[in-house]
Amino acid sequence: MANIQFQGVGRVFHQGGKDFVALEGIDLEVHDREFVAVVGPSGCGKTTCMRMAAGLEHATAGSVRVGGIEVKAPGPDRAVVFQQFALFPWKTVWANIEFGLISLGVAADERKRRIEHYIALMGLGGYEQAFPHQLSGGMQQRVAIARAYVLDPKVLLMDEPFGALDAQTRVVMQEELVRLARQHPRTVLFITHAVEEAVYLADRIVVMSRRPGRIREVIDVKTVREAEQWDRLSRIEDVMDQGSFVHLRTHIWKLLREQQGDAAH
Ligand SMILES: Nc1ncnc2c1ncn2[C@@H]1O[C@H](COP(=O)(O)OP(=O)(O)O)[C@@H](O)[C@H]1O
Ligand SMILES: [Mg+2]
81 MANIQFQGVG
91 RVFHQGGKDF
101 VALEGIDLEV
111 HDREFVAVVG
121 PSGCGKTTCM
131 RMAAGLEHAT
141 AGSVRVGGIE
151 VKAPGPDRAV
161 VFQQFALFPW
171 KTVWANIEFG
181 LISLGVAADE
191 RKRRIEHYIA
201 LMGLGGYEQA
211 FPHQLSGGMQ
221 QRVAIARAYV
231 LDPKVLLMDE
241 PFGALDAQTR
251 VVMQEELVRL
261 ARQHPRTVLF
271 ITHAVEEAVY
281 LADRIVVMSR
291 RPGRIREVID
301 VKTVREAEQW
311 DRLSRIEDVM
321 DQGSFVHLRT
331 HIWKLLREQQ
341 GDAAH
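Next up, the structure:
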């Protein structure tokens, strides 16, 4: 596994002959096997941060490192899950999950072992030979998540992976991701604009402010989750009922609302 480090990261875009500062002074370390969620208003630069860690976008200031190595381009040490499922439509579920493993040169018996493990874990049993268009959005996103985890990457980068799902499917996926994350702890950078989702899933939450995107506050959830033993509750609505959960959620909402106030002036 590995950590992700943002050091003094900034990003300026040039638009219509003008410079536009999208991100400024981002300092953040996602520790080895830590699950960090980033929340913030639309346009504050969440996706840009993730794309920098993925090597799909470059910083105009500072550096992004994964496992101590500066990110310059996409690589197999980083698996990405996007909001739009981005599966190969012409490949079966099995072949979609297998594709990256073949590229990495993983032997056939080992591929089979790993794929079977994640197919079972993500509840995809019986759908191995189905094609993406035959699956619901939730099922497609299970495939995308299995495809990322099966590579055993050093870090996982997820950009609003449940953003396109209906509310009920979303809850099921959140519960499954929690199970997966506790069973297979990985270094995860998880972008969302859903506050409850962040509190439920993350060890720490980064709250960003808008224009230019900066880190407003970093909130430790893990200490609270462990002290209050949220993991003994299997349903998200029961976790969300806990006073400690409500307290964190309200605090984050307050931070986000303050920025709405800023934007209005
Ligand atoms: N390639 C680009 N060219 C110009 N502006 C961009 C580009 N990518 C993102 N932006 C701008 O940077 C800001 C941050 O975008 P983004 O990272 O997508 O925010 P978020 O994911 O938090 O909604 C937005 O104002 C967006 O319009
Ligand atoms: Mg985004």
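In my numbering, the protein residues as written are 81 to 345.
The C-beta atom is built at its ideal place from N, Cα and C for all residues, glycine as well.
- For T303, the uninterrupted alpha helix (DSSP H) run begins and ends at 302 to 307, by DSSP.
- Ligand 2 never approaches K192 closely enough for any of its heavy atoms to be under 6 Å from the residue's Cβ.
- These are the residues, in chain order, with a beta carbon less than 5 Å from any non-hydrogen atom of ligand 1: F93, A102, S122, G123, C124, G125, K126, T127, T128.
- The alpha-carbon of F325 is positioned some 12 Å away from that of D300.
- Here the C-alpha atom of V287 lies approximately 23 Å from the C-alpha atom of A82.
- In this structure, G96 lies away from G293, with their beta-carbon atoms at least 7 Å apart.
- Counting along the chain, the unbroken alpha helix (DSSP H) around Q248 starts and ends at 247 to 263.
- Under DSSP, V151 takes part in no beta bridge, so it has no partner.
- When DSSP states are grouped into helix, strand and coil, F168 belongs to the coil group.
- For A141, the uninterrupted beta strand (DSSP E) run begins and ends at 141 to 146, by DSSP.
- Between A278 and F115, the CB-CB gap reaches or exceeds 7 Å.
- Using a Cβ distance threshold of 7 Å, M130 and D246 do not count as a contacting pair.
- Its Cα nearest to that of P154, the residue H138 stands out among R291, Q164, G206, H138.
- Note that the region 179 to 198 touches the region 215 to 233; at least 3 beta-carbon pairs, one per stretch, sit closer than 8 Å.
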